[in-house]
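Worksheet: one structure, shown below.
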Amino acid sequence: MTDVLRRGRASLAFGFFAQGVAFALLVTRIPAVQDRYGVSDALLPAFLAAVPVLAGIGSVTTEQLVKRVRPSRLLRWSQPVVLLALLGVGAGGQGQVAGLAVALGVFGLAVGALDASMNMLGVSLQRSYGRSIMLSFHAAYSLGGILGASLAWAGAHWHLALWVSYLPVVAVLLPAALVGSRWYVDGDPAPGRDAHTDGGAGVGGGVAGGVVFRLLLPLCLVMTFAYIGDSTVSNWSAKYLKDVLGGSEQLATVPYNVYMVTTLAGRALGDFGVRRFGAVAVVRLGSLVAAGGFAVVAVAPGAWVGMLGFTLLGLGLCVVVPQTFAAAGRLFPGASDAAVARLNIFNYVGFLIGSPLVGALGDAWSYRGAMLVPMVLVLVTMGYARSFAPQPDRYGGGHERPRTADVGRGSNGL
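So that you can map any letter, position 146 of the sequence shown is 329 in the numbering used here, and since no number is skipped, the others follow by simple counting.
Written out as C-alpha cells, the structure is:
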C-alpha cells in the first residue's frame with residue numbers, strides 16, 4: 184500500500200511539472216505567436232481571453248465526467264492533448280489564424296480538464312496520506328514553470344521557430360507523462376459520509392445545489408482573489424518595474440522570475456508549515472505577506488525595492504491556491520472531485536479579471552494605486568481563513584490521523 188501511494192505521488196507530481204512547463208512555454212511566447220500568425224493587437228485580447236473561458240468550460244465538463252469516469256483516466260488523456268495542442272500552436276504560419284484559434288481552443292478545453300483532474304487526484308491522495316502534501320504538487324508545477332520560461336527565453340534568444348522550441352519538449356514530456364500515468368492513484372470518498380446527501384456534497388445532487396455552493400463560496404472568492412494577484416504579477420510586473428520604477432529593460436524581466444523562484448521555495452516548504460501550524464495559520468500568514476508585498480510594490484521608490492515586493496508576493500501567494508483545493512476536499516469529503524472541479528473555475532475567473540482590472544485602473548488613475556486593489560483583495564482572504572480549518576480531521580504534526588487503508592485503485596490498465 185505504501186509503495187502504491189509513493190508511486191502515485193511521484194507520478195502525479197510529474198504531471199504537475201509537465202503542465203507547468205507547457206503552460207509557461209505558451210504564455211511566455213505570446214509575442215512570438217502573435218508575430219508568427221500576424222494577429223493584430225485588436226484581435227489578440229480575444230484570443231487570450233478565449234483560453235481561460237474555454238478552460239472554465241473544460242472544468243465544468245470534468246465535473247460531469249467524473250460521475251462516470253475516474254479522474255485518473257481524464258488526466259491520463261487530457262495531458263497529451265494539452266501537449267499536442269501546444270505543438271499545434273507552434274506549427275502554423277503567417278495568416279493561418281483559424282488554425283491558431285483551433286489549437287488554442289483545444290488547449291483551453293484540455294487545460295480545464297487537466298487542471299481539475301490533477302487537483303482532484305492531489306486532494307484524494309492527500310486524504311490517503313493523512314497529512315498535507317498538496318503544496319508539494321504545486322511546487323512541482325512551479326518548477327516546471329521555471330523550466331518552461333527558461334526554455335522559452337532560450338528559444339527567443341536564439342531566434343528559434345516556435346515549433347523548433349516546442350517539438351523537443353513535447354517529444355520528451357508526452358511519452359513520459361503516459362508512462363507515469365500508469366501509477367496514478369484514485370482515492371475513494373472519505374468513509375462515514377454519504378456522497379449523495381447534501382451534507383456529503385455528493386455529485387449526485389448536492390454539489391449543484393444552492394446550499395453546497397454557499398458553503399463553497401468563500402473558497403471560490405479566495406481562489407479568485409489569489410489569481411487576481413497572480414495575474415497582476417505575471418502581466419504587469421515587467422511594465423511596472425520599467426515604466427513606473429525606472430528599471431532597465433533587462434531588469435524588468437527579473438521580477439516574474441523572482442516571483443516564480445520564491446513561489447517554488449514557499450511551496451516546497453509549505454507542507455511542513457501546514458503540518459506544524461495548521462492550514463488556517465499558513466493561509467493567514469501567506470495572505471498577510473502577499474498584501475505586504477503589494478504594499479511595498481505600490482510605494483517602492485525604485486526598482487530594487489520593487490523587486491523586494493515581488494519577492495514577498497511569491498512567498499505569500501504561493502500557499503493560498505493549493506490550500507484552497509485541499510480545503511474544498513476536506514469540506515466535501517464525499518464528493519471532493521466535483522467540489523474541486525467547481526472551485527477550479529474560479530482560477531480562470533481571477534485570471535480574466537486581474538489583468539484588465541489593473542490595466543484599467545492604471546490608465547484611469549495610476550499603476551501605483553492599482554497595486555492597492557489586489558492588496559486589499561488578498562487581505563480580505565484573511566477573513567475567510569476559517570474555511571480552511573480541517574473538518575473534522577486535522578493534518579499535520581501532532582494532529583495526524585492514521586493513514587487510510589483504502590487508497591482506491593491505481594490506473595494501470597486504463
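Note that CB positions come from ideal geometry on N, CA and C, so glycine has one too.
Per-residue DSSP class, three states only, for V222: Here residue 222 corresponds to residue number 39 of the sequence shown, with the count starting at 1. DSSP places V222 in coil when its eight states are reduced to three.
Contacts around A511, its chain only, beta-carbon distance under 6 Å, and the 5 residues preceding and following it disregarded: In the sequence shown, the residue the question calls residue 511 occupies position 328. Correct list, in chain order: L402, A522, V523, L526.
Beta strand (DSSP E) runs wholly inside the region 242-278, at least 3 long, in chain order: none
Spatial distance of S333 from S420 (CA atoms): The residue labelled residue 333 in the question sits at position 150 within the sequence shown. The residue labelled residue 420 in the question sits at position 237 within the sequence shown. Rounded to whole angstroms, S333 to S420 spans 17 Å at the Cα level.
Pairwise C-alpha distance: G239 and G476: Start at 1 with the first residue of the sequence shown, and residue 476 comes out as number 293. Start at 1 with the first residue of the sequence shown, and residue 239 comes out as number 56. Taking the straight line from one Cα to the other gives about 29 Å.
C-alpha gap between T446 and G461, whole angstroms: Against the sequence shown, residue 446 aligns to sequence position 263. Against the sequence shown, residue 461 aligns to sequence position 278. Going by the C-alpha atoms only, they are around 19 Å apart.
Whether Y410 touches V532 by CB criterion (9 Å): As a working mapping, residue 410 is identified with position 227 in the sequence shown. As a working mapping, residue 532 is identified with position 349 in the sequence shown. Yes, the Cβ-Cβ distance between Y410 and V532 is below 9 Å.
P484 - containing alpha helix (DSSP H), residue span: One-based indexing of the sequence shown puts residue 484 at position 301. That residue, P484, is in no alpha helix (DSSP H); it is neither H nor E in DSSP.
Contact check, S470 vs T564, beta carbons under 9 Å: Within the sequence shown, residue 470 is the residue found at index 287, counting from 1. Within the sequence shown, residue 564 is the residue found at index 381, counting from 1. Against a cut-off of 9 Å, the Cβ pair of T564 and S470 comes out as a contact.
Rounded C-alpha distance that separates R337 from R569: The residue given as residue 337 occupies position 154 in the sequence shown. The residue given as residue 569 occupies position 386 in the sequence shown. Contrary to the premise, residue 337 reads as Ala rather than Arg in this sequence. Approximately 44 Å between the Cα atoms of the pair.
Per-residue DSSP class, three states only, for V502: Reading the sequence shown from its first residue, position 319 is the one you call residue 502. DSSP places V502 in coil when its eight states are reduced to three.
CA nearest to the CA of S414, picked from Q506, G456, L540, A344: Here residue 414 is taken as the residue at index 231 of the sequence shown, counted from 1. Closest option to S414, Cα to Cα, is L540.
Whole-Å CB distance - G203 paired with L297, under 8 Å assumed: As a working mapping, residue 203 is identified with position 20 in the sequence shown. As a working mapping, residue 297 is identified with position 114 in the sequence shown. Incorrect: roughly 11 Å between the Cβ atoms, too far for contact.
Residue nearest to G198 in terms of C-alpha spacing, selected from Y324, V306, A293: To locate residue 198, count along the sequence shown from 1; it is residue 15. For G198, the nearest C-alpha among the options comes from Y324.
Backbone CA spacing between S194 and R253 [nearest angstrom]: Taking the sequence shown and counting its residues from 1, one reaches residue 194 at position 11. Taking the sequence shown and counting its residues from 1, one reaches residue 253 at position 70. Going from the Cα of S194 to the Cα of R253 covers about 16 Å.
Span of the alpha helix (DSSP H), counted from its first residue to its last, around R551: The count along the sequence shown starts at 1 and reaches residue 551 at position 368. From DSSP, the alpha helix (DSSP H) with R551 extends over 550-553.
Beta-carbon proximity check, L544 vs A474, cutoff 9 Å: Your numbering for residue 544 matches position 361 in the sequence shown. Your numbering for residue 474 matches position 291 in the sequence shown. Contact flag unset, no.
Rounded separation between D369 and V405 - CA only: Looking up residue 369 in the sequence shown gives position 186. Looking up residue 405 in the sequence shown gives position 222. About 26 Å.
C-beta contact flag for A481 and L555 at 9 Å: As a working note, residue 481 is residue 298 in the sequence shown. As a working note, residue 555 is residue 372 in the sequence shown. Against a cut-off of 9 Å, the Cβ pair of L555 and A481 comes out as a contact.
Cβ contact (3+ pairs, closer than 8 Å) linking the region 481-500 and the region 431-447: yes
Closest Cα partner of A335 within the set A281, V352, D546, F320: On the sequence shown, position 152 is the one that residue 335 refers to. Cα-wise, what sits closest to A335 is V352.
Buried or exposed (CB count within 10 angstroms, at least 16 for buried), Q277: Taking the first residue of the sequence shown as position 1, residue 277 is located at position 94. Burial call: exposed.
Burial state of G275 (16 or more Cβ within 10 Å): Position 92 of the sequence shown, counted from the start, is the residue given in the question as residue 275. Buried: at least 16 other Cβ atoms inside 10 Å.
Span of the alpha helix (DSSP H) around T436: Stepping through the sequence shown from its first residue, residue 436 is reached at position 253. Taken as a continuous stretch (DSSP letters only), T436 belongs to no alpha helix (DSSP H), as it is neither H nor E.
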